[in-house]
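Asker: Structure incoming, see below.
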Amino acid sequence: MKENLKKIFSAYNLLFAVVLGLIFLVIIINKNANTSLSSRQINDFPWNKRSVYIKQLELLSKLKHISLNDENVLTYINQLILISKNLEDNKTLEYAHDLKIKYLLSHIKQLLEDSKNYEYIDDLSFNEKVSLYLLTKDERLMNYIIEKSNEFEKIKFSKILEVLTEH
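In the numbering used here, the protein residues as written are 1342 to 1508.
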């Protein structure tokens, strides 16, 4: 009986059990860790491409199951852009840029819908105002731009609208 206990609790078996326990502990801690990555951090960490690729897949799955109105979306998109640049994954990078544009446009449209006046865009240049109109196609914004423009800008804006209606 004592010999069996000595075999079970030999130094090698105990060392093996401790190592297995530490491996499981590290896996559990890393799984629960949520880090925000910058491009410098990605390059500085001694990760291989496989672990960065796994992080990219995690971000993609998060973004597929999340609404654009969620507060963490922009953080996830920016992390995905940084990782995709690091991995030189152009397809995912293009997808992330498209998501970011959709996110920004939806928030611009929401801002325009929520506001009754457009005084906050008075500081923008005429070209920026026209670009904002072209992005949103908001009729109230168009009327505000025309109202606040000088004669030359009104002529430019009408010509732009003519070109757009022709195509």
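By construction, the Cβ of each residue, glycine as well, lies at the ideal position given by its N, Cα and C atoms.
If you draw a straight line from the alpha carbon of Y1436 to that of K1443, how long is it in whole angstroms?
Answerer: One C-alpha to the other measures close to 11 angstroms.
Asker: If you reduce the DSSP assignment to three classes, tell me which class N1410 lands in.
Answerer: In the structure shown, N1410 sits in coil (DSSP, three-state: anything other than H, G, I, E or B).
Asker: In whole angstroms, what separates the C-alpha of L1473 from that of E1507?
Answerer: Their Cα atoms are separated by approximately 20 angstroms.
Asker: Would you please state the rounded distance, in angstroms, between the beta carbons of Y1459 and L1482? I believe it to be under 8 angstroms.
Answerer: Their Cβ separation, rounded to whole angstroms, is 6 angstroms, which keeps Y1459 and L1482 in contact under 8 angstroms.
Asker: Exposed or buried, which one is Q1451 when buried takes at least 16 other CB atoms within 10 Å?
Answerer: It counts as exposed.
Asker: Answer with buried or exposed for I1422, where buried requires no fewer than 16 other C-beta atoms within 10 angstroms of its C-beta.
Answerer: Buried, since its Cβ has 16 or more Cβ neighbours within 10 Å.
Asker: Is it buried or exposed, V1504, if we count other Cβ atoms within 10 angstroms and call 16 or more buried?
Answerer: With fewer than 16 Cβ atoms within 10 Å of its Cβ, V1504 is classed as exposed.
Asker: For Y1447, collect the residues of the same chain with a Cβ closer than 8 angstroms to its Cβ; drop the 5 residues on either side in sequence, then sort them by chain order.
Answerer: It should be noted that the sequence gives Ser, not Tyr, for residue 1447. For S1447, where only same-chain residues beyond five positions count, the Cβ hits under 8 angstroms are L1409 and N1410.
Asker: Taking just the CA atoms, how far does L1404 sit from E1412?
Answerer: Distance between the alpha carbons of E1412 and L1404: 12 angstroms.
Asker: Taking H1438 as the reference, which of L1366, E1344 and V1414 has the closest Cα?
Answerer: With distances taken between Cα atoms, H1438 lies closest to V1414.
Asker: Got a sec: is the Cβ-Cβ distance from S1408 to anything in chain D below 8 angstroms?
Answerer: As a matter of chain content, chain D is missing from the structure shown, which is built from one protein chain.
Asker: If contacts are defined as beta-carbon pairs under 8 angstroms, then L1428 and V1393 qualify, I think. What distance do you get, rounded to the angstrom?
Answerer: Between V1393 and L1428 the Cβ distance is about 6 angstroms, and since that is below 8 angstroms, they are a contact.
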